[in-house]
Ligand code: ADP
Ligand code: NI
């Protein structure tokens with residue numbers, strides 16, 4: 112099996128996997144993360160490009176929030192998939208990325224020697240900031256039926272509003288980037304978050 116076929120089969124596997132999840136984890140998030148990861152890797156030559164593609168494609172297929180809490184089962188399925196399509200050579204690296212990419216799990220200093228993870232993690236984080244990040248956050252908040260904002264939630268861990276999530280997570284991502292290229296892109300996207308918040312508060316507190 113050649114690499115193009117392996118990519119196509121992986122795309123199909125991912126599409127099947129993501130069916131029914133919230134739209135923050137939809138196929139287009141995967142497409143964007145894959146492009147960002149390839150871009151970062153092309154700039155910095157940190158990992159094998161094919162492995163970057165496969166890891167980016169698979170990075171959300173075992174998200175605990177969406178796999179009925181049974182992650183070991185999802186890892187086994189991904190392992191079987193990679194083995195059955197002739198990708199045993201990259202299997203362990205890819206599974207490692209899937210296990211560690213999530214925001215909650217790791218920070219750079221915890222994975223000092225894993226360039227593949229740096230690249231995919233930066234790409235995933237970049238898709239949570241900028242205009243797309245704002246859109247995804249409100250989309251997720253709507254999906255969870257969360258309020259857009261509660262006055263007073265302008266600091267960390269203060270509540271469940273989507274504006275609160277900016278402080279819990281989104282505004283921190285810029286400083287958590289692993290790669291120089293990722294950090295550069297994050298700076299632009301971070302500014303969008305800041306501008307958005309400024310405009311948001313201006314409108315919310317209009318006249319006061
Ligand atoms: P990851 O892509 O690392 O799996 P998450 O699953 O935490 O990230 O989040 C997926 C998307 O949903 C991101 O864009 C994130 O900002 C958004 N999101 C997660 N939790 C919340 C929340 N409580 N309120 C608003 N948006 C959220
Ligand atoms: Ni993701």
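Residue numbers (the working numbering): 112 to 319.
Where is the CB? At the ideal position from N, CA and C, for every residue including glycine.
TODO: For residue 137, verify whether its CB is less than 7 Å away from any heavy atom of the ligand ADP.
DONE: Numbered from 1 along the chain shown, position 26 holds the residue referred to as residue 137. For the ligand ADP, not one heavy atom lies less than 7 Å from the Cβ of residue 137.
TODO: Have a look at residue 161 and residue 186 and give me their C-alpha separation to the nearest angstrom.
DONE: As a working mapping, residue 161 is identified with position 50 in the chain shown. As a working mapping, residue 186 is identified with position 75 in the chain shown. Near 20 Å, if we compare the C-alpha coordinates of residue 186 and residue 161.
- [ ] Report yes or no: do the stretch 246-257 and the stretch 195-206 share at least 3 C-beta pairs separated by less than 8 Å?
- [x] no
Open item on the list: As an exercise, report each continuous alpha helix (DSSP H) stretch of at least 4 residues that is fully enclosed by the stretch 149-178, in chain order.
Closed with: 160-169
- [ ] Would you kindly work out how many angstroms separate the C-alpha atoms of residue 246 and residue 156, rounded to a whole number?
- [x] Numbered from 1 along the chain shown, position 135 holds the residue referred to as residue 246. Numbered from 1 along the chain shown, position 45 holds the residue referred to as residue 156. Whole-angstrom Cα-Cα distance: 31 Å.
TODO: Go ahead and pull the three-state DSSP assignment for residue 191.
DONE: Numbered from its first residue, the chain shown carries residue 191 at position 80. If DSSP states are grouped into helix, strand and coil, residue 191 belongs with the helices.
Task: Beta-carbon proximity check, residue 284 vs residue 240, cutoff 8 Å - done: Counting from 1 along the chain shown, the entry for residue 284 is found at position 173. Counting from 1 along the chain shown, the entry for residue 240 is found at position 129. Against a cut-off of 8 Å, the Cβ pair of residue 240 and residue 284 comes out as a contact.
Open item on the list: For a quick check, are the C-beta atoms of residue 167 and residue 234 less than 8 Å apart?
Closed with: Within the chain shown, the letter at position 56 stands for residue 167. Within the chain shown, the letter at position 123 stands for residue 234. The answer is yes: Cβ separation under 8 Å.
Open item on the list: Determine whether the beta carbon atoms of residue 141 and residue 125 lie at a separation below 8 Å.
Closed with: Taking the first residue of the chain shown as position 1, residue 141 is located at position 30. Taking the first residue of the chain shown as position 1, residue 125 is located at position 14. In contact: residue 141 and residue 125 (Cβ atoms closer than 8 Å).
Task: CB contact flag (residue 212, residue 163, <8 Å) - done: Counting from one through the chain shown, the residue named residue 212 turns up at place 101. Counting from one through the chain shown, the residue named residue 163 turns up at place 52. No, these two residues do not count as a Cβ contact at 8 Å.
Task: Whether residue 228 touches residue 205 by CB criterion (8 Å) - done: If you number the chain shown from 1, residue 228 lands on position 117. If you number the chain shown from 1, residue 205 lands on position 94. In this structure, residue 205 does not lie closer than 8 Å to residue 228 by Cβ.
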